[in-house]
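Student:
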Amino acid sequence: MRDADAARAFAAEHAHYTDDLPLWRAVARERGGPVLDLGCATGRVAVELAGDGADVWALDGDPHMLSELRRLAGARGAHVAARIHAVAGDMRDFSLDVRFPLAICAMNTLQVLTEPADQLACLERVRAHLADGGEFWFDVSMPDVADILDAMGLVRADAEHADPSMGERWLHSSWYEAYDPVTQTAAYCLRVDHVAADGITRTSVRRHEVHLYTPSELAHLLARAGFGVLEAWGGFAGEPLGDGAGHQVYRCGVAE
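Residue numbering for the sequence shown follows numbering that gives the first Met the number 0, beginning at 0 and increasing consecutively.
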C-alpha cells in the first residue's frame, strides 16, 4: 500500500462486502476471545468483532493498513479501539505472547501466499498460536478454472454502491489477466470507477496474484501443518462443499 490515502481508499472500496460478517461474528461469540485476525488489512472484520466485545489481535504487514484500522476502530468509539491490538507482522513468520481460542483468516487472504513453503509456514505459525482446544477458521474461493479461462480479459461488472462521505457512486468491475496451470496461480485486476455527482469519473485499478486452492490440496496442506479439518462448507451459511460452491470455508483444529 503506497500511503495513508491508498489504505483509506482500500477500506472504502471493500466496506460494501459484508457476506461473511455474520459467520465471523457468530464464531467469535461462540469461541470467545482473544481472537487472532490474520491478514486483517484495514480491519473490516476485526472492528466488527471488537464492537461485539472480543479482544482482537489484528496482524498485517502493511503499516498504512494498520493505521487506517486504528482510525476506523477509534471512529466506532474508545471501547472498540481499546479491544483492537494492531500488530505489524508477516503472517508467514510471527510470534506473539498470546494463545488464541480462535484464529481467523478472512476474505481469501490465504490465497495471497502463492509459494507452497509460505503457505505451510503460515499455517504452522497459526497452529503454534492456538490455545488448547483452539480452532482456525478461514475461507478461500472455490476455483473454477474453466470459467477463468473463458473469462480471460473479459471485464465483468461486480457491484455498485454509494460512498456518502464523497457523494460518489462506486462501480466495481474485475477481469482475469493470466492463469498458470502449473502453479495454480491467477492474476486478476479489480477496478473501481468513482463517479462524482457532476459525472466526472476517476478510476483506480489494483492488480493481484492469488493461488487457487483445490479442496484436496487444502486437505493435504492442512494435514502437513498439523491441522485436522473439523468442518468444510461451500459458503458462509453452511452450504455443502461441492459443485456450484463459490467459497470454501474451513473449521480446523490441531490434529491429535
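Glycine included, C-beta positions come from ideal geometry on N, C-alpha and C.
#1: Per the contact definition of three or more C-beta pairs closer than 8 Å, is the stretch 54–61 in contact with the stretch 22–37?
#2: Which residue wins for smallest C-alpha separation from T17, given the options R30, G42, G31 and R28?
#3: Hey, could you find the ends of the alpha helix (DSSP H) V192 is sitting in?
#4: Hey, how far is the Cα of F226 from the Cα of F99?
#5: Does the separation of the CB atoms of L109 and V139 fall below 8 Å?
#6: Helix, strand or coil for E238? Go by DSSP, reduced to three states.
#7: Can you name the start and end residues of the alpha helix (DSSP H) that H78 belongs to?
#8: Should E167 and V194 be called a contact, given that it needs their Cβ atoms to be closer than 8 Å?
#9: Please confirm if the stretch 79–94 is in contact with the stretch 105–122, defined as three or more CB-CB distances below 8 Å between the two stretches.
#10: For G234, I'd like the list of residues in its chain whose CB is within less than 8 Å of its CB, leaving aside the five on either flank, ordered along the chain.
#11: Using CA atoms only, rank isn't needed, just tell me which of W169, W174, T213 and L220 is closest to A196.
#12: I want to check one thing, is the minimum distance from the CB of Q247 to the heavy atoms of the ligand GTP below 7 Å?
#13: Under the rule that 16 or more other beta-carbon atoms within 10 Å means buried, what is D19, buried or exposed?
#14: Alpha helix (DSSP H) containing S66: first to last residue?
#15: When you compare the CB positions of D134 and R30, do they come within less than 8 Å of one another, or not?
#16: Which residues share a DSSP beta bridge with I83?
#17: Can you list, in chain order, the residues of its chain with a C-beta nearer than 6 Å to that of E12? Leave out the 5 residues immediately preceding and following it.
#18: Does DSSP classify S94 as helix, strand or coil?
Tutor: Straight from the coordinates:
#1: yes
#2: Selected option, being the one with the closest Cα: G42.
#3: Here residue 192 is Asp; the residue named in the question, Val, does not match the sequence. No alpha helix (DSSP H) contains D192, which is instead part of the beta strand (DSSP E) from T184 to V194.
#4: 15 Å
#5: yes
#6: coil
#7: A77 to A80
#8: yes
#9: yes
#10: A244, G245, H246 and V248
#11: W169
#12: The ligand content of the structure shown is nil, which means the ligand GTP is not present either.
#13: So D19 counts as buried.
#14: Note, S66: alpha helix (DSSP H), P62 to A74.
#15: The amino acid at residue 134 is misidentified as Asp; the sequence shows Glu. Closer than 8 Å, so yes.
#16: Paired residue(s): V55.
#17: V191
#18: coil
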